[in-house]
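Asker:
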Amino acid sequence: KLKAMGVPQARDKVVREADKATRANLSKAGAFVRTAARSSIRKRKSISAPGSPPSSHTGLLRQIFFGWDSQSRTVVVGPMRLNQKIGNAPEALERSGISEIMTGPRRKRRRRRIRVHARPFMAPALKQEAPKFPGLWANSIK
2 KLKAMGVPQA RDKVVREADK ATRANLSKAG AFVRTAARSS IRKRKSISAP
52 GSPPSSHTGL LRQIFFGWDS QSRTVVVGPM RLNQKIGNAP EALERSGISE
102 IMTGPRRKRR RRRIRVHARP FMAPALKQEA PKFPGLWANS IK
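First residue of the sequence shown? That's 2 in our numbering, and the numbers climb one at a time after it.
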């Protein structure tokens, strides 16, 4: 088939198929990482120990998305941005850091800065799923 197409057309077809396979396989990898991260976060009332995956008290932290970035040809995986004007809870949980919270009754709310100890969940999920990635590309270009 490729001889009849000519070299430039054959090359274009191979590049298109490789791009299609890359997108499909990276999307599968992103789904694996998302699933592993979501399953490591438990929904419970108690606080998790520093160094272990966080507890999601409301269930919002388990909303992890992944998407294909066509500009850089990568997959981005991470927790959704919480709808807050202050704070950076998911980032602070992953690496530790300072986060701001609102305290007090509704009329007298004040911002308070708190130190959050690391409770990584995305990096361990990537580490756990990484051995599966090379197998995704086996027989992916047909």
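All residues carry an ideal CB built from backbone N, CA and C; glycine is no exception.
Should A124 be labelled buried (16 or more other beta-carbon atoms within 10 Å of its own) or exposed?
Answerer: Sequence index remark: in the sequence shown, residue 124 carries index 123 (1-based). Its Cβ having fewer than 16 others within 10 Å, A124 is exposed.
Asker: Which value, in whole angstroms, describes the spacing of the CA atoms of E130 and T23?
Answerer: Taking the sequence shown and counting its residues from 1, one reaches residue 130 at position 129. Taking the sequence shown and counting its residues from 1, one reaches residue 23 at position 22. Rounded to the nearest angstrom, the two C-alpha atoms are 17 Å apart.
Asker: Helix, strand or coil for G79 per DSSP?
Answerer: Mapped onto the sequence shown, residue 79 falls at position 78. Here G79 sits in strand by DSSP.
Asker: Using three-state DSSP, classify T36 as helix, strand or coil.
Answerer: Within the sequence shown, residue 36 is the residue found at index 35, counting from 1. It is helical.
Asker: Pull up the DSSP beta-bridge partners for E101, would you.
Answerer: The sequence position of residue 101 within the sequence shown is 100, counting from 1. Beta-bridge pairing links E101 to R114.
Asker: From R114 to M81, what does the alpha carbon distance come to, in whole angstroms?
Answerer: Your numbering for residue 114 matches position 113 in the sequence shown. Your numbering for residue 81 matches position 80 in the sequence shown. Cα to Cα, the separation comes out at about 22 Å.
Asker: In its own chain, which residues sit with a C-beta less than 6 Å from the C-beta of P91, not counting the 5 before and 5 after it?
Answerer: Taking the first residue of the sequence shown as position 1, residue 91 is located at position 90. P80.
Asker: How many angstroms separate the CA atom of G68 from the CA atom of L61?
Answerer: As a working mapping, residue 68 is identified with position 67 in the sequence shown. As a working mapping, residue 61 is identified with position 60 in the sequence shown. Distance between the alpha carbons of G68 and L61: 18 Å.
Asker: Beta strand (DSSP E) containing G68: first to last residue?
Answerer: Stepping through the sequence shown from its first residue, residue 68 is reached at position 67. Unbroken beta strand (DSSP E) run through G68: 65–70.
Asker: Do A139 and V76 come within 8 Å of each other at the CB atom, strictly closer than that value?
Answerer: Reading the sequence shown from its first residue, position 75 is the one you call residue 76. Reading the sequence shown from its first residue, position 138 is the one you call residue 139. Cβ distance not < 8 Å, so V76 and A139 don't count as in contact.
Asker: Do you know how far the Cα of R96 is from the Cα of R39?
Answerer: As a position in the sequence shown, residue 39 is number 38, starting the count at 1. As a position in the sequence shown, residue 96 is number 95, starting the count at 1. Cα to Cα, R39 sits roughly 17 Å from R96.
Asker: If you draw a straight line from the alpha carbon of K14 to that of K21, how long is it in whole angstroms?
Answerer: Translated into positions along the sequence shown, residue 14 becomes position 13. Translated into positions along the sequence shown, residue 21 becomes position 20. Cα to Cα, K14 sits roughly 10 Å from K21.
Asker: Based on Cα-Cα distance, which residue from S56, G52, F66 lies nearest to K46?
Answerer: As a working mapping, residue 46 is identified with position 45 in the sequence shown. Among S56, G52, F66, the Cα nearest to that of K46 belongs to S56.
Asker: How many whole angstroms separate the CB atoms of F122 and S41, which I take to be in contact at a CB cut-off of 8 Å?
Answerer: Translated into the one-based positions of the sequence shown, residue 122 becomes position 121. Translated into the one-based positions of the sequence shown, residue 41 becomes position 40. About 5 Å; that satisfies the 8 Å criterion.
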